[in-house]
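Here's the structure we're looking at; comments come further down.
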Amino acid sequence: QKVTGNHGNYHREKYFIEVKDQVLKQFTLKNPLSQTAQDVLKNIDTNSVSIHIRRGDYVNNNHHGSCDLGYYYKALHHIKSKISSPHFFIFSDDIQWAKDNMQIGEATFVSNGDIPEVEELILMSMCSHNIIANSTFSWWAAYLNQNLHKIVIAPKQWTRKETSDTLEILPKTWIQL
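Quick note, the sequence shown lines up with residues 1 to 177 if you use my numbering.
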């Protein structure tokens, strides 16, 4: 079987909406989750909400930039108005920053280097609801979330300089803040 690699940003539903079911079927686990990821998965329930905070290379990136705390607090307020007793799972490439700055009370900080990134994506997709960053990684986690009643909150401004092209990134059912 020949393997083909593609390079690009694949976070526009319009490119594959007609074959969405087939695309989603391609994302299946081939190997069991690590024990650490399984331990996190045991705590993911109907009130679970993943929060993805991307910093790393975005902090000083003139094109993308990181979502600010204001965005996350608005998203938290919205989730809390819709979901009783949400259980937050925080994923980040800068987990210490998230611990120091996300004042949300009870939360599970998942990212710690013990769980491979692909398993973090899977765990985010297993949460009932998602608060995503302006990141392809969390976009796919939310997109792969199969909860029919999921709430997905995404940043309205995907890049520092908004264009009409970037407005097409988010599925219509996602809430833009």
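For every residue, glycine included, the Cβ atom is placed at its ideal position computed from N, Cα and C.
Nearest neighbour of K149, chosen from T159, M126, S138 [CA to CA]: For the record, residue 149 in the displayed sequence is His; it is not Lys. Out of T159, M126, S138, M126 has the C-alpha closest to the C-alpha of H149.
With 16 other Cβ atoms within 10 Å as the buried cut-off, status of V118: exposed
Presumed contact (8 Å Cβ cut-off) between S84 and N31, rounded CB distance: Contact flag wrong, Cβ pair sits at about 35 Å.
C-beta atoms of I153 and I44 nearer than 9 Å: no
6 Å CB neighbourhood of P155 in its chain, flanking five on each side removed: C67, Y71, N134
Y143 versus I169: straight-line alpha-carbon distance, rounded: 12 Å
S50 - containing beta strand (DSSP E), residue span: 48–53
Which of helix, strand or coil DSSP assigns to A133: coil
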